[in-house]
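Enquirer: First residue of the sequence shown? That's 128 in this note's numbering, and the numbers climb one at a time after it. I have a structure I would like to understand better, so I am pasting it below and will then ask my questions one at a time.
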Amino acid sequence: MFTIMNINLYLRLDYIYFTVKFMENINIPLSEITAINEIISTHQNGIGPLIPILQDIQDKFNYISEEALEIISEKLQQPIAHIYGVASFHYQFKLKMKGTEITQAEFSVKICSGSPCHVRGANKIIERIEKCLGIKPGEVTKDHMFSFEMVDCLGACGISPAIAINDKIHGKLTPESTEILLSKIKHQAEIIDIKKRAAEHKNNE
Ligand code: FES
């Protein structure tokens, strides 16, 4: 016969089982999981907790990992697609998806794939960026100078098609102006690279 105590026990076991199954899929250090959980607890009962949680996680780690999105989804009981949608909509959030090193790049190039940008030729801009950087969306150049991501909207629909480079918006782009812009940034990247090599050389002396 079921009693309230039995039901509570089954619910508890169920909860532990699903928590263990959930944690099996999280491949980040325990300290990071603890920090993320603390941030979530701080905002969980507030109004509209998602943005403050994402902001605090980004402030702490300088990026938001896929695992963090999964933990938020589980804790807030909201679909992962919604959490990802909000995080990728706000271009100031840096997403670090499994298998990528997006945050290690010196220059983060984000292109908007929203409808206004799409109808004004974002696809041609994407092709030109791929050609100039030699990487596709979701990839990072081998020297970690450039990352390339697609986001839902940069909040610059009035000047579409738009891209953000390290969160600075560049709008009304054509493939040609994109190439000129990227060649300037590549020049900056070369200078940074030379300085880094010089510093490494000095440290090894
Ligand atoms: S749709 Fe491209 S910036 Fe908003």
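Quick reminder that beta carbons are idealized off the backbone N, C-alpha and C, glycines included. These figures come from a predicted structure and were not determined experimentally.
Could you compute how far the alpha carbon of Q205 sits from the alpha carbon of S158?
Expert: Cα-Cα distance, rounded: 23 Å.
Enquirer: Output yes or no for whether 8 Å exceeds the beta carbon distance between T305 and I262.
Expert: no
Enquirer: So, Q200 versus I210, is the Cβ gap smaller than 8 Å?
Expert: Checking the displayed sequence, the identity of residue 200 turns out to be Ser instead of Gln. Yes, these two residues count as a Cβ contact at 8 Å.
Enquirer: Is A289 helix, strand or coil when you go by DSSP?
Expert: coil
Enquirer: Please go through the same chain and pick out, in chain order, the residues whose beta-carbon is closer than 7 Å to the beta-carbon of L308, but skip the five residues on each side of it.
Expert: Residues H297 of the same chain have their beta carbon placed closer than 7 Å to that of L308, with the five preceding and five following residues left out of the count.
Enquirer: To the nearest angstrom, report how far apart I292 and S192 are at their CA atoms.
Expert: Put simply, the backbone Cα of I292 is about 20 Å away from that of S192.
Enquirer: Under a Cβ-count criterion, where at least 16 other Cβ atoms within 10 Å of its own Cβ denotes burial, should E276 be classed as buried or exposed?
Expert: buried
Enquirer: Please check if any C-beta of chain B sits within less than 8 Å of the C-beta of I184.
Expert: The question asks about chain B, but that chain is absent: this structure has only one protein chain.
Enquirer: Using only the alpha-carbon positions, how far apart do P156 and E165 sit?
Expert: 14 Å
Enquirer: Just to check, is the beta-carbon of A291 closer than 7 Å to a non-hydrogen atom of ligand 1?
Expert: no
Enquirer: Ligand 1: which residues have Cβ under 5 Å from any of its heavy atoms, chain order?
Expert: C239, G241, P243, C244, C280, L281, A283, C284, S287 and A289
Enquirer: Following the continuous beta strand (DSSP E) through E233, name the residue where it begins and the one where it ends.
Expert: No beta strand (DSSP E) holds E233; DSSP gives it neither H nor E.
Enquirer: Run through DSSP, which three-state label would I191 get?
Expert: strand
Enquirer: With burial defined as no fewer than 16 other Cβ atoms inside 10 Å of the residue's Cβ, what is the status of S287: buried or exposed?
Expert: So S287 counts as buried.
Enquirer: Mind reading off the beta-carbon distance from A232 to M272? Whole number of angstroms is fine, and I expect it under 8 Å.
Expert: 6 Å
Enquirer: Please report how far the alpha carbon of I174 lies from the alpha carbon of E317, in whole angstroms.
Expert: Here the alpha carbons of E317 and I174 stand approximately 46 Å from one another.
Enquirer: Could you give the DSSP three-state label for C280: helix, strand or coil?
Expert: C280: coil per DSSP, three-state reduction.
Enquirer: By Cβ distance below 7 Å, which residues in the same chain neighbour I238 in space, the five residues on each side in sequence not counted?
Expert: A249, I252, I253, I256, M277 and I290
Enquirer: What is the DSSP secondary structure of F216, reduced to helix, strand or coil?
Expert: helix
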